[in-house]
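Residue numbers (this note's numbering): 6 to 145. A virtual CB, placed ideally from N, CA and C, is assigned to each residue, including glycine.
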């Protein structure tokens, strides 16, 4: 039987880490990606400082659309990071949905979900072709 060789050479990963709150997702990313730019709410990365012993580079984002914009801006500037870690993507998703709930009124109850889904797909496309590893943390 011929053995298949699968490789992703030249294509940095787009990964999702999923688990309950407190399981160590943030700390795992701190150990795994010390040269990453973290997109996180203020105070969200304290576990990295306490456990990994360093203060990661970080910026905040208001929602998924804003995180996507910041990744694009990072790429345009040619910043010296080997990865982008979004901690946490579930929170940004909630904020994205809330933004569209506020903006969209009327009979189409699915419009807010469609707009939020569009934002997630745009993020995915940007991350896929960023040329560096992109990792997102998520919870249920």
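{"Query": "Which residue marks the beginning of the alpha helix (DSSP H) containing residue 79, and which one marks its end?", "Result": "69-82"}
{"Query": "Taking all protein chains shown into account, decide if residue 45 is buried (16 or more other Cβ within 10 angstroms of its Cβ) or exposed.", "Result": "buried"}
{"Query": "With a threshold of 7 Å on Cβ separation, who are the neighbours of residue 17 within its own chain once the five nearest residues in sequence on each side are excluded?", "Result": "136, 137 and 138"}
{"Query": "If you run the structure through DSSP and keep just helix, strand and coil, what is residue 132?", "Result": "helix"}
{"Query": "Which first and last residues belong to the alpha helix (DSSP H) in which residue 97 is found?", "Result": "94-108"}
{"Query": "To which residues of the same chain is residue 68 closer than 6 Å at the C-beta, ignoring the five residues directly before and after it?", "Result": "97, 100, 101 and 104"}
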